[in-house]
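Heads up: the structure comes next, in structure tokens.
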Amino acid sequence: MAMTIHVDIVSAENEIFTGQAEAVFASAVEGEIGIYPRHTPLLTRLKPGEVRVLKSSGEEEQFYVSGGILEVQPHLVTVLADTASRAADVDEAAALAAKADAERALNDKSAKRDLAEAQKELAEAMAQLRAIERMRKGKKGH
Amino acid sequence: MASGKEIRTQIGSIKNTQKITSAMEMVAASKMRKAQDRMAATRPYSDKIYNVIQHLAFAHPEYKHPYLQDREETKRVGYIIISSDRGLCGGLNNNLFKTVLKELKEKSDKGLEVDVCTIGQKASSFFGRLPVDHVGQAVQLGDAPHAHELIGTVKVMLDAYNEGRIDSLYLVYNEFVNTMTQDDKVVRLLPAKPEKPSEELSHHWDYIYEPDAKEVLDNLLVRYIESLVYQGVVENIACEQASRMIAMKSASDNAGDLIDDLQLVYNKARQAAITQEISEIVAGAAAV
């Protein structure tokens, strides 16, 4: 039997995923990482983006996180997400609106909004959109 | 004895109060159920982050984070006190405040100074009146608070800890045991000390940290503290609703008893009036 690793994805307000998986992929601050069973202990911060879980059945599940912390133990992966929601639940319209909002704030220098905050919002919105696009492609392929 | 009309008015006003209390009871019951669900939903996160912190305590990092180190000397302590925003919830807040006052007295007997940070309207007004340093507050969080609404309050205390203004930090809240029982609880947040040693992690090892140990640990420990405070707030809301439900239930029951008693008095008065009238008529007829 193929080796599996226990994966928990939780956010402050609820539990999102728990179960066995063959591998986990996430976007850490230093770049994309893939974790297979018996990985060395690792503690890293996550960028806004998606976390993909490859289940033993060969299916892949996607989750959107807007940042958080990833812990790896040889037999265990824990994602402590700031806000995680199932990629399917991400509201595309809301993401677009947030992106437009952030862009407007970037261009509008007179606005009182903090530039760094606007850039962060933009990055989050882009990551949400990427997650949605990837899901669409996945659907067409089947 | 009060006249019939007076008693009737009194019964009417008690009935109105009873209507209000029983409505509040039902509202509290349904809110309590929701609050309990929310409490259950937040539990996985705090469990998981606690596990991570435990693992961390058995790693052998080169970088020792100040949040995990006991300070040599404690001069000043911080308290984060969680209360409800609204009253009419039995003795919930007052019991909690009594516990805090006892704690504060113990600390001041030891010559320690105290900083207080409050969450909830009731704690704000109570500790605002006391001669303690009230350094921060968060009020009107509503029934479904979000974790990010508490970041400010927690940060005030963490900053104080970082800058050495306080040497340890405690959290005070009501723990939800069941609908009938809520326990006041005082937990030490900082320095954080996980207890249970675990066998499999006892060998010498350490994490790989990305981008670096300090940044990751800073981030992780702040989240850890925030999650504990958030869990406390959510639990306190469940306690508030449970306690209000019980208080309103006993208020409605008491109103029912009062109405029964008054009804009896009213009936007696009415009957006495009728009897008197009859005997007057009879006496009048006999005289004729």
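Residue numbers (the numbering used here), protein chains in the order written: chain A, 1 to 142; chain B, 1001 to 1288.
Here a beta-carbon is modelled for each residue, glycine too, at the ideal position from N, C-alpha and C.
Since the structure is predicted, the reported quantities are computational estimates derived from the model, not experimental observations.
Collapsing the DSSP output to three states places B/D1167 in coil.
The bridge partners DSSP lists for A/E50 are A/Y64. Distance from the CA atom of B/G1078 to the CA atom of B/L1104, rounded to whole angstroms, is 10 Å. A direct Cα-to-Cα measurement between A/M3 and A/A26 gives close to 19 Å. Looking at the DSSP output, B/N1174 sits in a beta bridge with B/D1184. Collapsing the DSSP output to three states places A/Y36 in coil. When Cβ-Cβ separations below 7 Å define contact, B/Y1207 makes contact with chain A. By alpha-carbon distance to B/D1218, the top candidate from B/K1268, B/Q1276, B/K1155 and B/L1171 is B/K1155.
Close CB contacts of B/G1012 within its chain, under the 8 Å cut and outside five residues either way in sequence, are absent. By the C-beta criterion, the segment 1223-1234 of chain B is judged not to be in contact with the segment 36-56 of chain A, since fewer than 3 inter-stretch pairs fall below 8 Å. Taking C-alpha positions only, B/G1004 is separated from B/S1022 by approximately 27 Å. Against B/L1220, the close residues of chain A are L43, R45, I69, E71 and L80, in the order they occur along the chain (beta-carbon pairs closer than 9 Å). Of the residues assessed, A/Y64 falls on the buried side of the cut-off, its CB having 16 or more other CB atoms within 10 angstroms. Relative to the Cα of A/V77, the nearest Cα in the group A/A21, A/R134 and A/G138 belongs to A/A21.
When C-beta atoms of the segment 1059-1074 of chain B are compared with those of the segment 54-73 of chain A, fewer than three pairs fall below 8 Å, so the two segments do not count as touching.
For A/S56, the three-state secondary structure derived from DSSP is coil. Along the segment 2-30 of chain A, going in chain order, the ones with a CB nearer than 7 Å to a CB of chain B are D8, V10, S11, A12, E13, N14, E15, A28, V29 and E30. In the three-state reduction of the DSSP assignment, B/R1086 falls in the coil class.
The beta carbon of B/N1236 sits closer than 6 Å to the beta carbons of I1082, Y1173 and N1174 from its chain, once the five residues preceding and following it are set aside; these are given in chain order. Beyond the five residues adjoining it in sequence on each side, A/D82 comes within less than 6 Å, by CB distance, of S66, G67 and G68 in the same chain, given in chain order. Taking a C-beta distance under 7 Å as the contact criterion, A/E30 and A/A131 do not qualify as a contact pair. Around the beta carbon of B/H1148, a 10 Å sphere encloses fewer than 16 other beta carbons of the protein chains shown; the residue is thus reported as exposed. Buried is the label assigned to B/A1138, since at least 16 other Cβ atoms lie within 10 Å of its Cβ. Counting only Cβ-Cβ distances below 9 Å, B/Y1045 has contacts in chain A at V10, S11, A12, E13, N14, E15, L80 and A81, in chain order.
Nearest CB-CB separation between B/A1138 and chain A: not below the 7 Å threshold. Counting only the Cα atoms, B/S1168 lies some 7 Å from B/T1074.
About 5 Å separates the Cβ atoms of A/L42 and B/I1208, confirming a contact at the 8 Å cut-off. For B/V1282, the uninterrupted alpha helix (DSSP H) run begins and ends at A1213 to A1287, by DSSP. Considering only B/V1027, B/M1032, B/N1016 and B/K1098, the residue with the shortest C-alpha distance to B/V1177 is B/M1032. Among the CB atoms of chain A, none fall inside 7 Å of the CB of B/K1031. Contact check for B/D1212 against B/A1059 fails: the beta carbons are separated by 7 Å or more.
For B/T1017 against B/A1272, the beta-carbon gap comes to about 28 Å, at or over 8 Å, which does not count as contact.
Here B/R1033 carries a helix assignment [DSSP, helix/strand/coil]. With 16 or more other Cβ atoms from the protein chains shown falling within 10 Å of its own Cβ, B/G1232 counts as buried. Residues of the same chain with a CB within less than 8 Å of the CB of A/S56, apart from the 5 flanking positions on each side, are A2, T4, Q20, A21 and E22 in chain order.
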